[in-house]
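Per the numbering used here, residue 7 is the first one in the sequence shown, and the count goes up by one each step.
Note that beta-carbon positions come from the ideal geometry of N, C-alpha and C, so glycine has one too.
This one's a predicted model, so the numbers in the text were calculated from it and none came from an experiment.
One structure is given here, and the rest of the page talks about it.
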Amino acid sequence: NAGGRLISTAVWQGVTLRTLLARHGGAQASATYVAFYSVDGYSVSLPLAEILAADALLAWRMNGAELPQRHGFPVRVLIPGRFGEENPKWLTRVELTDHFVGGLYSDQGWYNGPLHTMNRIDRPRGKLALAKPVEIGGFAFAGNRGIQKVEVSVDGGLNWQLAKLEPPLSQDAWVFWSWQWMPTTPGHYTIAARATDGAGEVQTSHKQGTVPNGATGYHEVMVEVG
C-alpha cells in the first residue's frame, strides 16, 4: 500500500545486458523480447528494446560486497523503472525470443508496465508540540524517470507546499525531501505528500492496493498538535 516499506536503495555492480550482447555479436534481428529465468522456476518476459534502453544490469555485487543470497546470489537483473517482481533474482538463464514468454507474474494478470510514482512520509509521528518547528520528511521515487518536485499538505490535501529536495545518488535512485512546519493551532492534522516525476506527471491520488496493478495514492500520516 501507499507508504509501504518494501523498498531500498543500494549501489550495484555488474554488466549491462546491452554490453553483454555486444560482446557476443548482438541480438538477432528477430529478437523482440528478453526472458529471465531463475533457479526457483520464476521467469519474466519483457520487451527487449525497452530493457536495453533502460540499461538493465546483470548485478553480482551490492554495496561493495558479493551479492547476498537473499538478494539474488550469484546474479540478478535490475531494470530501472520496473517493479521488483520484474527484477528476478538467482538467474540461471537469459534468453532472447521473438515472442512473449508467460510466467507466474504475467499469468496472474498483474500489472505489466513502468512502476508508479511513489512517496513516503517517514517523519513526524505521534503528538507534536504547539508552536515549535517540525520537520516533515521522507522520500519519493519514480524509477528512471526521476523526481521533479514534492509537495506537502497539512490539511488533508486542501493546500500544498513545495518541499526541499536532496540531490539523489543517481537518476535511478530515490530522492529525500523535507519541509519545515510551524503548527500554531492545536488539533488533529492529516499530513499528505505527493510527487511529480521527471516527465512532469503528478502522482495519482487514487488509492489502490498492491495487487493486481501496484499500489497508488498519497501517503498520509495523522498527527496531534497540542
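Once the 5 residues before and after residue i are set aside, which same chain residues still bring their CB inside 6 Å of it?
{"i": "A33", "result": "L27, L102"}
{"i": "P86", "result": "A60, G149, N150, D178"}
{"i": "N219", "result": "Y117"}
{"i": "Q214", "result": "T222"}
{"i": "V81", "result": "L64, W66, L97"}
Could you check the C-alpha separation between residue i and residue j for me, to the nearest Å?
{"i": "V158", "j": "A37", "result": "45 Å"}
{"i": "L97", "j": "G10", "result": "27 Å"}
{"i": "D236", "j": "Q19", "result": "The question about residue 236 has no answer here: the residues shown for the chain are numbered 7 through 232."}
{"i": "G70", "j": "T15", "result": "13 Å"}
{"i": "S240", "j": "G31", "result": "Lying before the first or after the last residue shown, residue 240 is absent from the chain, which here runs from 7 to 232."}
{"i": "S176", "j": "V17", "result": "10 Å"}
{"i": "V160", "j": "L52", "result": "41 Å"}
{"i": "L64", "j": "D128", "result": "31 Å"}
{"i": "M244", "j": "K138", "result": "Past the edges of the chain, shown from 7 to 232, lies residue 244, and the structure says nothing about it."}
{"i": "L23", "j": "L121", "result": "20 Å"}
{"i": "A35", "j": "G47", "result": "28 Å"}
{"i": "R67", "j": "K95", "result": "13 Å"}
{"i": "A199", "j": "R29", "result": "45 Å"}
{"i": "Y195", "j": "G232", "result": "11 Å"}
{"i": "D3", "j": "E92", "result": "The chain is shown from 7 up to 232; residue 3 falls before or after that span and cannot be answered."}
{"i": "Q209", "j": "Q154", "result": "11 Å"}
{"i": "V217", "j": "I13", "result": "16 Å"}
{"i": "V140", "j": "G152", "result": "27 Å"}
Buried or exposed for residue i, please, with buried defined as at least 16 other CB atoms from any protein chain shown within 10 angstroms of its CB.
{"i": "Q186", "result": "exposed"}
{"i": "Q75", "result": "exposed"}
{"i": "H5", "result": "Because the chain is modelled from 7 through 232, residue 5 falls outside the range shown and cannot be assessed."}
{"i": "G78", "result": "buried"}
{"i": "D104", "result": "exposed"}
{"i": "E172", "result": "exposed"}
Can you tell me the Cβ-Cβ gap for residue i and residue j, rounded? I've got them flagged as a contact below 8 Å.
{"i": "A169", "j": "V156", "result": "4 Å"}
{"i": "E207", "j": "K133", "result": "Actually they do not touch by this definition, with Cβ atoms about 36 Å apart."}
{"i": "G119", "j": "S49", "result": "Going by Cβ atoms, the distance from G119 to S49 rounds to 18 Å, so no, they are not a contact pair."}
Would the C-beta of residue i count as close to the ligand NAP, meaning under 7 Å from any of its heavy atoms?
{"i": "F79", "result": "No copy of the ligand NAP appears in this structure; indeed no ligand is present at all."}
Leaving out the 5 sequence neighbours to the left and right, which residues in its chain are closer than 8 Å to residue i when beta-carbon positions are compared?
{"i": "F145", "result": "N125, R126, D128, W180, V181, F182, W183"}
{"i": "T190", "result": "L136, A137"}
{"i": "V21", "result": "L63, L64"}
Can you pull the DSSP bridge partners for residue i?
{"i": "D203", "result": "I153"}
{"i": "M68", "result": "W18, A71"}
Counting only the same chain and skipping the five closest in sequence on each side, list residues whose C-beta sits under 7 Å from that of residue i.
{"i": "F42", "result": "S49, V50, V83, P94, L97, V100"}
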